[in-house]
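Numbering (our numbering), first residue to last: 1249 to 1497.
Glycine is no exception: its CB is placed at the ideal position from the N, C-alpha and C atoms.
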């Protein structure tokens, strides 16, 4: 029986029993094997733009699940799939900008699937901004540790939500860092949120220190933005502390 890492297990938790799935950029294919072995998904399609990872996935099917006929397809993004071919799309371990490229390539096709489970390696704010501006709803978010990193998992509903007007609350959300630190992590009382905030604060403090000590004149002019960002992060940390204390009462 295949054993998943905490990151992949957290992604698998968001697949509802009976949903058909496509794993985009599958790499080793361990998550599809798990979903099929556990009878969570009746159908899982594995895709990757490179032949190497697909060969690795085939080898893992032979090693861990020789009784299962794997549906493995070569191609980038959603290209190997037909419209509405599966219920849920998983894209994990790619950059947020690459994910937005995949989602935006053919939005009619993108919306033909019911749900996306996204785990961006970076560029999370850019991914959230794209989803917000294009009328997608983030239904759930979760943090999970993988080694020294804290990974963010987004569950996205593709049912149409009216696109926000130009004068909607975008500027306010951007200013409050809501696209970087999701409010869903606060409302969901994510146990790793405190550590995530501490990490972001430390990174910002290091940037400010480096600019102050040896930054160029141009970078020093941008210092005010870094200080404002640090202040916002500390305000979010304070908000979390207050929320935690209230929950203990």
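Margin query: In whole angstroms, give me the CA-to-CA distance for residue 1451 and residue 1445.
Written below: 10 Å
Check: Assuming residue 1335 contacts residue 1361 under a Cβ cut-off of 8 Å, what Cβ separation, rounded to an integer in Å, is found between them?
Finding: Confirmed, Cβ separation roughly 7 Å.
Note to self: Below 8 Å on the Cβ atoms is my contact criterion, and I expect residue 1258 with residue 1392 to pass it. Report the Cβ-Cβ distance as a whole number of Å.
What the structure shows: 4 Å
Note to self: Given the structure, does residue 1321 come close to the ligand NAD, in the sense that its CB is under 7 Å from one of the ligand's heavy atoms?
What the structure shows: The model depicted lacks the ligand NAD and carries no ligand whatsoever.
Checklist line | The beta strand (DSSP E) enclosing residue 1498, as first and last residue numbers | finding: Missing from the structure shown is residue 1498; the chain here goes from 1249 to 1497 and no further.
Notebook entry, point to check: With which residues is residue 1385 paired in a DSSP beta bridge?
Noted result: 1405
Next item on the list: Please determine, among 1429, 1347, 1292 and 1310, the residue with the shortest C-alpha to C-alpha distance to residue 1483.
Entry: 1429
Next item on the list: Name the one or two DSSP bridge partners that residue 1295 has.
Entry: 1272 and 1321
Next item on the list: Tell whether a beta-carbon distance below 8 Å holds between residue 1488 and residue 1434.
Entry: yes
Checklist line | Host beta strand (DSSP E) of residue 1338 (start-end) | finding: 1336-1340
Notebook entry, point to check: Which residue or residues does DSSP assign as beta-bridge partners of residue 1392?
Noted result: 1399
Check: Is the beta carbon of residue 1260 sitting closer than 8 Å to the one on residue 1283?
Finding: yes
Checklist line | Reduced DSSP category for residue 1249 - H, G, I as helix; E, B as strand; rest coil | finding: If DSSP states are grouped into helix, strand and coil, residue 1249 belongs with coil.
Notebook entry, point to check: Quick one: Cα of residue 1325 to Cα of residue 1288, how far?
Noted result: 23 Å
Item checked: Reduced DSSP secondary structure (H/G/I, E/B, other) of residue 1359 -> Assignment of residue 1359 by DSSP, reduced to helix, strand and coil, places it in the coil class.
Margin query: Can you give me the C-alpha to C-alpha distance between residue 1271 and residue 1306, rounded to a whole angstrom?
Written below: 14 Å
Next item on the list: Determine the closest residue to residue 1205 out of 1423, 1427, 1396 and 1339, with distance taken between C-alpha atoms.
Entry: Since the first residue of the chain shown is 1249 and the last is 1497, residue 1205 is not available in this structure.
Checklist line | First through last residue of the alpha helix (DSSP H) which encompasses residue 1489 | finding: Segment 1471-1496, the alpha helix (DSSP H) holding residue 1489.
Next item on the list: Determine, using beta-carbon pairs with one atom in the segment 1359-1376 and one in the segment 1339-1348, whether at least three such pairs fall under 8 Å.
Entry: yes
Notebook entry, point to check: In whole angstroms, what is the alpha-carbon distance linking residue 1370 and residue 1344?
Noted result: 6 Å
Margin query: Just verifying my parser: in three-state terms, what is the DSSP assignment at residue 1257?
Written below: helix
Note to self: Measuring straight from C-alpha to C-alpha, what distance separates residue 1472 and residue 1386?
What the structure shows: Across the structure, residue 1472 and residue 1386 are spaced so that their CA atoms are roughly 31 Å apart.
Checklist line | Own chain partners of residue 1304 with C-beta closer than 8 Å, once the 5 adjacent residues on each side are dropped | finding: 1275, 1276 and 1277
Notebook entry, point to check: Taking all protein chains shown into account, do 16 or more other C-beta atoms lie within 10 angstroms of the C-beta of residue 1397, making it buried, or fewer, making it exposed?
Noted result: exposed
Checklist line | Pick from 1322, 1354, 1349 and 1313 that is closest to residue 1331, judged by C-alpha positions | finding: 1354
Notebook entry, point to check: Out of curiosity, what's the CA-to-CA distance linking residue 1350 and residue 1323?
Noted result: 12 Å
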